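Asks: Pasting a structure here, questions to come.
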Amino acid sequence: MDLIQPTPRITSDSDERAGFRAWLPYPSTEPCCEPVAHIRAENLSIAYQGRQALRNVNLEINRGCITALVGPSGCGKTSFLMTLNRLTDLIPGCQVSGTLHINELNVLAQTTNLLNLRRTVGMIFQKPTVFPFSIRKNLELPLREHGTHDRTVLAATIEHVLQQVGLWQEVKDRLDRPAQGLSGGQQQRLCLARALVLSPDVLMLDEPCSALDPLSSGIIEDLIVSLQGHYTVIIVTHNLAQARRIADHVAFFWSYEGVGKLVEQGSAQQIFESPKEELTAAYISGIRG
Amino acid sequence: MISSSSNISSRSTSEGLLSWTVRLLALMAGGLLLLVVLFLFREAWPALQHIGVARFFSDPGWYPTEDAYRLTPMIWGTVWATAGSILLASPLGILSALFCHFYAPPLLGRWYRRMVELLAGIPSVVFGFWGLVVLVPLIGRWHPPGPSLLAGILILTLMIIPTIMLVAHASMAQVPVAYIHSATALGFSRWSMIWHVILPTTKVGLFTGILLGLARALGETMAVLMVCGNVVRTPSHLFDPIRTLTANIALEMAYALGQHRAALFVSGLLLLGLAMLCVGMAEGLRYRNAYVATK
Amino acid sequence: MLRQSRHVQEYGPTAIIWAAATMVVVPFFWLMGDLLWNGWNHLSLSFLFSAPQNAGREGGIGPILMSTLLVVGVCMGVAVPIGLGTALFLSEYTRQDHALGRLIRASLDVLAGVPSIVFGLFGNALFCQALGLGFSILSGGLTLACMVLPILIRTVEESFRAISRDQRLSAAALGLSTPTTIRTILLPAAIPGLLVGGILGLGRAIAETAALIFTSGYVDRMPESLMDSGRTLAVHIYDLAMNVAGGNPNAYATALVLVGLLLIINLSSSWITTRWTSFNQLPA
Chain A
1 MDLIQPTPRI TSDSDERAGF RAWLPYPSTE PCCEPVAHIR AENLSIAYQG
51 RQALRNVNLE INRGCITALV GPSGCGKTSF LMTLNRLTDL IPGCQVSGTL
101 HINELNVLAQ TTNLLNLRRT VGMIFQKPTV FPFSIRKNLE LPLREHGTHD
151 RTVLAATIEH VLQQVGLWQE VKDRLDRPAQ GLSGGQQQRL CLARALVLSP
201 DVLMLDEPCS ALDPLSSGII EDLIVSLQGH YTVIIVTHNL AQARRIADHV
251 AFFWSYEGVG KLVEQGSAQQ IFESPKEELT AAYISGIRG
Chain B
1 MISSSSNISS RSTSEGLLSW TVRLLALMAG GLLLLVVLFL FREAWPALQH
51 IGVARFFSDP GWYPTEDAYR LTPMIWGTVW ATAGSILLAS PLGILSALFC
101 HFYAPPLLGR WYRRMVELLA GIPSVVFGFW GLVVLVPLIG RWHPPGPSLL
151 AGILILTLMI IPTIMLVAHA SMAQVPVAYI HSATALGFSR WSMIWHVILP
201 TTKVGLFTGI LLGLARALGE TMAVLMVCGN VVRTPSHLFD PIRTLTANIA
251 LEMAYALGQH RAALFVSGLL LLGLAMLCVG MAEGLRYRNA YVATK
Chain C
1 MLRQSRHVQE YGPTAIIWAA ATMVVVPFFW LMGDLLWNGW NHLSLSFLFS
51 APQNAGREGG IGPILMSTLL VVGVCMGVAV PIGLGTALFL SEYTRQDHAL
101 GRLIRASLDV LAGVPSIVFG LFGNALFCQA LGLGFSILSG GLTLACMVLP
151 ILIRTVEESF RAISRDQRLS AAALGLSTPT TIRTILLPAA IPGLLVGGIL
201 GLGRAIAETA ALIFTSGYVD RMPESLMDSG RTLAVHIYDL AMNVAGGNPN
251 AYATALVLVG LLLIINLSSS WITTRWTSFN QLPA
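Protein chains in written order, with our numbering: chain A, 1 to 289; chain B, 1 to 295; chain C, 1 to 284.
In structure tokens form, the structure reads like this:
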């Protein structure tokens, strides 16, 4: 609702074309990666059934940039992502403390409208999770749920996002076929399109390439790079080379006796070339982890 | 953002409505057992109050019209029929599960299992009818009169073999393949593998199956009613006709009034208690087993 | 030496196991063969649709089929919505370790083991007497609904639980509300489970006798409303076999119809299971 928009968006529903344009990300501005905080986490801690998984994370994520979260498994990166769209609510016994803001929206507040939050913050999972129906319906469902019913708008939006993820040429003749018939890489791109269809501000990707072959993985990687500037992208990855190739900023997490902590953050260049912490240096040069 | 804010309110109402409907339905289903117990108690209460529990065991006999309510012969009937059928069906059920899993060629094993599933689905009244027209005359030719404890045991056995076999089969399917491979790699013969590896690891499953079979045998009504002769007398050997608790209810409920009706509800309560005990034990076993497995 | 002792060890168990398997097969084929042999000749279209005469010795089973249909219809009409709602509650609205959920699940497990005759007593006390419905198709159907509820709920809940967590998470990540997620993602995925649960319940309902003899009653006329007493197939077999001298031929034919119906039900449930699993895995 009152999520403050930095860039003016056209939100009038009276004009059909304008309604369609409203779905496009940042329609009027040039792509940008500004040193302006979009997401701010302060003293964020997460516990599962009383056991701490992540402690006292202080992290700022800049608007329009690609931020990679790296670190060994079990250090709380995915938990951090799931806090941003409150998917943690679905996990039994999960408690989150601290503060977390996306723009001015207090994410952890009781009163936060979860459905709207999740519309603003898109998420892609490790394994492609297309729904068991047609490609078209996979994309239409979230749009309809969030109030778009006009057929021409739906069709135009679907074509637009499919082109954005480079899938349009491949699937335009089989939109009504089951989405599960696509290959793994195509499915993951469809999931990306399904998140983009809601024109989110923030896009979170949880190891989006780990279940894919190198070729599909490369395509997804290029896609993520093309999103830079249009969305605030947060990507969890185990692949340091990938992080180095695509990220503007890097946050390095480490698990101390089962409790995840943020060790160091900075620009990708700084983290990879002159890390401040010894642990970071050791990890990126492959000594530990 | 703005376009979707308009249906936020309607959306949260439908969400609330659904969650309350679902909760209400679940409470109805969950409360059903309580309702069953309450109603049985309510109807049995006059008998429990005026006749008292002791008289169900000490009265001279079961003559409801003359105010005598001795349930003992029926209890013995149920006990003997159930015990006999469990004794026969447990080995047969477990052995046929082993057959299906380890001895039969794959195709035959599949067909065998399908057949047992079909057997499980045959209505008890059909078993009873077949027992009445085929089995009872056969027994009668061998040792009159025919309708007897033995006929009841045989029919019940046939009816609970599927229960025991299918539960045993399911728990055998859960034995990790690695166990079987390593036993085979150690040079175990098929039977010693079964004896030393399969049976010990599936012990709990087998026992659960037997308990569920027991519950089914205890509660079975139509088949025993049709083949057991229904004479109210404590049986002294296999060829005596018997009447079980369940058959007693089915036979007399239609015309029972007052104390008589209440006494039948008392026997219903007794059956309910026994069945709950069996199922409770089976569930407890399963729960403990699951707990051990996850540890 | 070693080889010989192993052979001795192996022959015994193998023979015993094959013998046990045979001992289970023989009565099954005997029973089915007997039903077919004695029932097939009496089976005809007119048997299926005409009314019983002379206490069922002659005539057909038309009204009885009708009563069966109505009793089972009432049963499923009541049990399916309650079962679906409860299964949704157990799988979507409570966590697996939730106290209330566990209580409901435990009570349903116990309910599943309650003898059908006890349901009969309960139905007689609650529906026939306390609610004043008398011996009627409605009472019988409601009693059966109580009886099939546990098996229905268990199957449906399992099919909801079988849907992967990823699907739920990604639905939530797209901001879909719970009702939408249930309607568009969960229900369609659970349809085979729902059908199988319904069919299993249906099978139990059709096969039931003990719970019906003193709830829906014995009357073998064509029922005119749900408040009429009606005799189901299973009760008809019982009555012909036990209370009508010379009723056996028609009892055989009725039993054949009943077993045939159950066979169709059983086959269709396994057909649905296999077909749907392969359908979901097909690429396109």
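Beta carbons: idealized from backbone N, C-alpha and C, even for Gly.
Here the structure is a predicted model, which means the values were calculated and not measured.
#1: What first and last residue would you give for the alpha helix (DSSP H) that runs through residue 224 of chain C?
#2: Taking Cβ positions, are residue 205 of chain C and residue 153 of chain C nearer each other than 7 Å?
#3: CA-CA distance, residue 280 of chain A and residue 166 of chain A?
#4: On the CB-based measure, 16 or more other CB atoms within 10 Å of its CB, does residue 116 of chain C come out buried or exposed?
#5: If you draw a straight line from the C-alpha of residue 238 of chain A to the C-alpha of residue 15 of chain B, how long is it?
#6: Where do the ends of the beta strand (DSSP E) carrying residue 122 of chain A lie?
#7: Would you verify that the beta carbon of residue 280 of chain A is, or is not, closer than 7 Å to some beta carbon of chain C?
#8: For the segment 135-148 of chain A, list every residue whose C-beta sits within 7 Å of some C-beta in chain C, in sequence order.
#9: So, does the CB of residue 239 of chain C fall closer than 7 Å to a CB anywhere in chain B?
#10: Where does residue 25 of chain A fall in DSSP's three states?
#11: At the level of alpha carbons, what is the spacing between residue 296 of chain B and residue 163 of chain B?
#12: By the criterion of Cβ-Cβ separation under 8 Å, what are the contact partners of residue 95 of chain C in chain A?
#13: Identify which residue in B:248, B:60, B:182 and B:211 has its Cα closest to the Cα of residue 222 of chain B.
#14: Cβ closer than 8 Å: which chain C residues qualify as neighbours of residue 115 of chain A?
#15: Three-state secondary structure (DSSP) at residue 40 of chain A?
#16: Terminal residues of the continuous alpha helix (DSSP H) containing residue 169 of chain B?
#17: Is it buried or exposed, residue 328 of chain B, if we count other Cβ atoms within 10 angstroms and call 16 or more buried?
#18: Could you list which residues in chain C have their beta carbon closer than 7 Å to that of residue 131 of chain A, in chain order?
#19: How many angstroms separate the CA atom of residue 74 of chain C from the CA atom of residue 19 of chain B?
#20: Less than 8 Å between the CB atoms is what I'm expecting for residue 166 of chain B and residue 226 of chain B, so what's the real figure, rounded?
#21: Do residue 45 of chain A and residue 98 of chain A come within 7 Å of each other at the CB atom, strictly closer than that value?
#22: Measuring only the C-alpha atoms, how far is residue 267 of chain A from residue 211 of chain A?
#23: Quick check on residue 86 of chain C - is its C-beta less than 7 Å from some C-beta in chain B?
#24: Give the interface partners of residue 309 of chain A over in chain C, defined as CB-CB distance under 8 Å, in chain order.
#25: Determine whether the Cβ of residue 108 of chain A lies closer than 7 Å to any Cβ atom of chain C.
#26: Taking residue 142 of chain A and residue 35 of chain C to be in contact with their CB atoms under 8 Å, please state how far apart those CB atoms are, rounded to whole angstroms.
#27: With a 10 Å radius around its C-beta and 16 neighbouring C-beta atoms as the bar for buried, classify residue 236 of chain A as buried or exposed.
#28: Give a yes or no on whether 7 Å exceeds the smallest Cβ distance from residue 294 of chain B to chain C.
#29: Between which two residues does the beta strand (DSSP E) harbouring residue 254 of chain A extend?
#30: When the cut-off is 7 Å and only beta carbons count, does residue 263 of chain B lie next to chain C?
#31: Beta carbons nearer than 9 Å to chain B: which residues of the segment 100-118 of chain C have them?
#32: Could you tell me which of B:193, B:146, B:175 and B:174 sits nearest to residue 183 of chain B, measuring between CA atoms?
#33: Would residue 235 of chain B pass as a contact of residue 80 of chain B if the rule is Cβ separation under 7 Å?
#34: Given a threshold of 16 other Cβ atoms within 10 Å of its Cβ, counted over all protein chains shown, does residue 206 of chain A qualify as buried or as exposed?
#35: Count the other CB atoms, across all protein chains shown, that sit within 10 Å of the CB of residue 13 of chain B; report buried if there are 16 or more and exposed otherwise.
#36: Take the Cβ of residue 73 of chain B as the centre, count every other Cβ of all protein chains shown within 10 Å, and call the residue buried at 16 or more, exposed below.
Replies: Once the coordinates are examined:
#1: Here residue 224 of chain C belongs to no alpha helix (DSSP H), and DSSP marks it neither H nor E.
#2: no
#3: 36 Å
#4: buried
#5: 39 Å
#6: 121-124
#7: no
#8: 141, 142, 145 and 146
#9: no
#10: With a pLDDT of 45 at residue 25 of chain A, under the threshold of 50, the modelled position of this residue cannot be trusted, and the question is left open.
#11: Residue 296 of chain B lies beyond the residue range present for chain B, which begins at 1 and ends at 295; the question has no answer from this structure.
#12: 92
#13: B:248
#14: 175, 176 and 177
#15: strand
#16: 149-173
#17: Residue 328 of chain B is absent from the model: chain B starts at 1 and stops at 295.
#18: 167 and 185
#19: 25 Å
#20: Incorrect: roughly 25 Å between the Cβ atoms, too far for contact.
#21: yes
#22: 27 Å
#23: yes
#24: Residue 309 of chain A lies beyond the residue range present for chain A, which begins at 1 and ends at 289; the question has no answer from this structure.
#25: no
#26: Contact flag wrong, Cβ pair sits at about 56 Å.
#27: buried
#28: Reliability of the predicted coordinates at residue 294 of chain B is poor, the pLDDT of 42 falling under 50, and no value is obtained from them.
#29: 249-256
#30: no
#31: 100, 101, 103, 104, 105, 106, 107, 108, 109, 110, 111, 112, 113, 114, 115, 116, 117 and 118
#32: B:193
#33: yes
#34: buried
#35: exposed
#36: buried
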